[in-house]
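As given, the protein sequences belong to chains A and B, one line each in that order.
Heads up: the first sequence runs through residues 0 to 279, numbered per numbering that gives the first Met the number 0.
Heads up: the second sequence runs through residues 0 to 173, numbered per numbering that gives the first Met the number 0.
Don't be surprised by glycine CBs; every beta carbon is placed ideally from N, CA and C.
In this text, all values refer to a predicted model and were calculated from it rather than measured experimentally.
Worksheet for the structure shown next.
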Amino acid sequence: MKDTLPPREELVRRVVFESFGARIRLESNSEDLFEKALQRARKALLGHIRIIDKSDETEVDFRFGLGLDDHGIKWLDQDGLKTSYDGADFIFFKTFDAMVRLRVAENAANRVFVHAGVVGWRGRAVMVPALSHKGKSTLVAELIRNGAEYYSDEYALLDKTGRVHPFPRDLMIRRSGKDRTEQLLPPGHFGGSIGRKSIRVGAVLFTEYQKGAKWTPTQLTIGQGIMETIPHTIPVHLDPEFSLEVLNKAYKGAIIAKSFRGDAKHACPKILAFLDDHLN
Amino acid sequence: MNNSQFPTARKSGLVIQEVPDEILVFDLDSNKAHCLNLTAATVWKSCDGKTSIQEIASILEKQSGKGVSDDVVWLAIDQLNENSLLEGEVTAKFAGQTRRDVIKKIGLASMIAIPIVASLVAPRSALANVSCACGGIGNTLLCGTAPFASCGGAPFCCRASDGLCGPDDGGGCL
C-alpha cells in the first residue's frame with residue numbers, strides 16, 4: 000500500500016533515464032536491487048537507455064520504486080501503486096521487465112508503440128497486432144522460419160511518418176497444452192535474420208489461433224483497421240491525436256486483413272502466399 | 000436543444016482523423032473511438048445547424064449520383080446522436096424499431112451504402128495490454144504476466160484459455 004512505502008530519504012539509490020523519449024525515474028532502498036533493476040531495464044529496452052541524472056528534481060513521465068521491506072519481501076511501486084512479491088527474484092524481475100517496457104511504450108515521444116508481432120517481408124513490414132496468448136510469437140517464429148526478417152514479437156514501433164522500427168527482443172515462446180512454460184529464444188534459433196532498417200507497413204493482419212480454423216482473410220478498410228488496432232495501441236489513452244495520425248500514415252497503402260487461423264505451421268504458407276499476392 | 004431538422008455536429012472534446020472514405024473520431028470524454036463510413040461521415044460533416052435533413056440527402060445524392068431518401072440521413076443521425084456526436088438531443092426518428100429492422104427496410108431501398116457508425120471503448124490504461132493485469136485493490140496493484148500473475152486470489156486465477164484474470168472457465172489456470 001502507498002502508506003507502507005519507505006520515506007524518500009531511505010531510497011538510497013535513484014536515477015532518471017530516458018528511453019525512446021520517455022523519462023523514467025528508478026529509485027530503491029536497496030543497492031543490490033537497484034543495480035539489478037537498472038541492468039534489467041537496459042536489457043528489457045534493448046539498450047535504448049540514456050542516463051540523465053541522479054537528482055530528485057528532474058521531471059519524469061513515470062516513476063518506479065523498488066526495494067525490500069522490513070521482512071525482506073520485495074516491493075515494486077509504480078507511480079504510487081505498490082505490489083509486493085514474496086516469491087523468487089525471477090518472478091519479480093519478469094514483472095519489472097514487462098512493466099518498464101510498457102511504461103516506456105506508454106510515454107514514448109515521437110513513437111507509437113503498438114502491441115504487435117512484426118516481420119519484414121519483401122521489404123515491407125507485416126504487423127500482427129494482438130493480445131498476449133493469441134499466438135502472436137508463434138506465428139512470428141514460423142514466418143521467420145519461412146524467410147521473413149524479424150522485427151519484434153511484442154511491439155511495432157511506429158515513428159511519426161508511420162514507418163516501423165525494429166524492437167527485436169528474444170521471442171517469448173509459450174508451449175501449448177498443460178505445460179505452458181515460457182522460453183525466450185533468439186531469432187537465430189528459427190533461422191532468421193533481424194531487420195535493421197525502418198520500413199513502411201505493407202500489411203496488417205488481425206489473426207488469432209483458433210483450433211481447426213483456416214486462414215480465410217477478409218479485407219478491412221483503413222478505418223476498420225485502425226479501429227481494430229486501437230485496443231493494442233499503448234499510448235492511445237494518453238495521446239489519441241498523435242496515435243491516430245501515426246496509424247493513419249502507417250496504414251496508408253497497406254493491405255489490412257482479418258481471419259482466424261489454425262496451427263501456425265499450416266497457416267504460414269497461406270499467409271505468405273496472401274502477402275505475395277497483395278504486397279506491391 | 001438542438002433542432003433535429005437542422006442537426007449540429009459536436010466538435011469539442013473530439014479528436015478527428017480523416018482517412019480515405021471514412022472518418023475516425025475519438026471522444027475524449029467517453030474514451031470511445033468511432034469509425035464513420037462514407038455515408039455517415041458525409042452526414043456528420045453536413046451537420047452545421049443550418050442544413051436540413053432534406054438538404055443533407057441532396058448532398059448525398061450529389062456525392063453518389065444516386066437517389067437518397069431522408070430515411071438514410073435519419074439513420075445516420077440516429078447513430079450519431081446515440082454516440083453523442085451531435086450537439087444537444089435529437090429526437091430519434093426510428094424509436095421503437097430495432098436497428099436491424101430499420102437497416103433492413105432502408106437497406107433494401109437504398110442505392111448507396113447505408114450509414115454505419117462503428118464504435119469501441121478504448122482501453123483507459125496501457126495495462127490492458129498486459130496479460131493478467133487485473134487492476135488493484137485499494138492502492139495495491141495486482142498484476143503480472145502469466146504464468147506468474149496474481150489475480151487477487153480465489154475464485155480468480157490467470158486463465159489458461161485466454162491468459163486473463165477471471166474465474167476458471169473450465170480450461171484450467173496457468
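Okay, do the segment 76 to 95 of chain A and the segment 208 to 219 of chain A touch, 3+ Cβ pairs below 8 Å being the bar?
-> With a cut-off of 8 Å, the segment 208 to 219 of chain A and the segment 76 to 95 of chain A do not count as touching, because too few Cβ pairs lie within range.
Compare the C-alpha of A/PRO128 against each of A/THR82, A/ARG49, A/SER258 and name the closest.
-> Residue 128 of chain A sits at position 129 when you count from the first residue of the first sequence. A/PRO128 has its Cα closest to that of A/SER258, out of A/THR82, A/ARG49, A/SER258.
For A/GLU240, which residues in chain B fall below 7 Å Cβ to Cβ?
-> By one-based count along the first sequence, residue 240 of chain A stands at place 241. The contacting residues are VAL14.
Cβ of A/ILE229 within 7 Å of any chain B Cβ | Counted from its first residue, the first sequence places residue 229 of chain A at position 230. Residue-level contact by beta carbon holds for A/ILE229 and chain B, with a gap shorter than 7 Å.
Using Cβ-Cβ distances below 8 Å, what residues of the segment 191 to 212 of chain A are close to chain B?
-> Taking 8 Å as the Cβ-Cβ cut-off against chain B, none of the residues of the segment 191 to 212 of chain A qualify.
Rounded separation between A/LEU10 and A/GLU26 - CA only = The residue labelled residue 10 of chain A in the question sits at position 11 within the first sequence. The residue labelled residue 26 of chain A in the question sits at position 27 within the first sequence. A/GLU26 has its alpha-carbon roughly 6 Å from the corresponding atom of A/LEU10.
Just the C-alpha distance for A/GLY190 and A/GLU148, rounded to the nearest angstrom, thanks.
-> Position 191 of the first sequence, counted from the first residue, corresponds to residue 190 of chain A. Position 149 of the first sequence, counted from the first residue, corresponds to residue 148 of chain A. Cα to Cα, the separation comes out at about 10 Å.
Put A/PHE89 into one of helix, strand or coil per three-state DSSP.
-> To locate residue 89 of chain A, count along the first sequence from 1; it is residue 90. The three-state secondary structure of A/PHE89, taken from DSSP, is helix.
Measuring alpha carbon to alpha carbon, tell me which of A/ILE270, A/HIS47, A/ASN247 ends up nearest A/LYS159.
-> The sequence position of residue 159 of chain A within the first sequence is 160, counting from 1. Ranking the options by Cα distance to A/LYS159, first place goes to A/ASN247.
Cβ neighbour criterion (16 or more within 10 Å) applied to A/HIS114 | Numbered from 1 along the first sequence, position 115 holds the residue referred to as residue 114 of chain A. Buried is the call here.
Minimum length 4: unbroken alpha helix (DSSP H) runs contained in the segment 71 to 130 of chain A = List check, alpha helix (DSSP H) in window: 88 to 106.
Starting from the C-beta of B/SER45, find all residues in its chain whose C-beta is less than 6 Å away, skip the five residues before and the five after it, and write them out in chain order.
-> Here residue 45 of chain B corresponds to residue number 46 of the second sequence, with the count starting at 1. Only ILE55, ILE58 meet the Cβ criterion.
Give me the Cβ distance between B/SER118 and B/HIS33, rounded to the nearest whole Å; I'm assuming they're in contact under 8 Å.
-> Working through the second sequence from its first residue, we reach residue 118 of chain B at position 119. Working through the second sequence from its first residue, we reach residue 33 of chain B at position 34. So it is a contact: roughly 5 Å between Cβ atoms.
Same chain, Cβ closer than 8 Å to A/VAL163, neighbours up to 5 away in sequence not counted = For the purposes of this step, residue 163 of chain A is taken as residue 164 along the first sequence, with counting starting at 1. Excluding residues within five positions, the ones whose Cβ falls inside 8 Å are VAL117, ALA124, MET126, TYR150, ALA155, LEU156, LEU157, SER197, ILE198, ARG199, VAL200, ALA249.
Taking buried to mean at least 16 other C-beta atoms within 10 Å of its own C-beta, is B/ASP100 buried or exposed?
-> As a first step, residue 100 of chain B must be located in the second sequence, where it is residue number 101. With a threshold of 16 other beta carbon atoms within 10 Å, B/ASP100 falls short and is exposed.
How should A/ILE50 be labelled, buried or exposed, when 16 other C-beta atoms within 10 angstroms of its C-beta is the threshold for buried?
-> Taking the first residue of the first sequence as position 1, residue 50 of chain A is located at position 51. By the beta-carbon neighbour count (other beta carbons within 10 angstroms, threshold 16), A/ILE50 is exposed.
Within 7 Å (strictly less), CB to CB, does B/VAL18 reach chain A?
-> Here residue 18 of chain B corresponds to residue number 19 of the second sequence, with the count starting at 1. Yes, contact with chain A.
Under the rule that 16 or more other beta-carbon atoms within 10 Å means buried, what is A/VAL15, buried or exposed?
-> Start at 1 with the first residue of the first sequence, and residue 15 of chain A comes out as number 16. It is buried - the Cβ of A/VAL15 has at least 16 other Cβ atoms within 10 Å.
By how many angstroms is the C-alpha of A/ILE255 removed from the C-alpha of B/GLU17?
-> Numbered from 1 along the second sequence, position 18 holds the residue referred to as residue 17 of chain B. Numbered from 1 along the first sequence, position 256 holds the residue referred to as residue 255 of chain A. In this structure, the CA atom of B/GLU17 is about 17 Å from the CA atom of A/ILE255.
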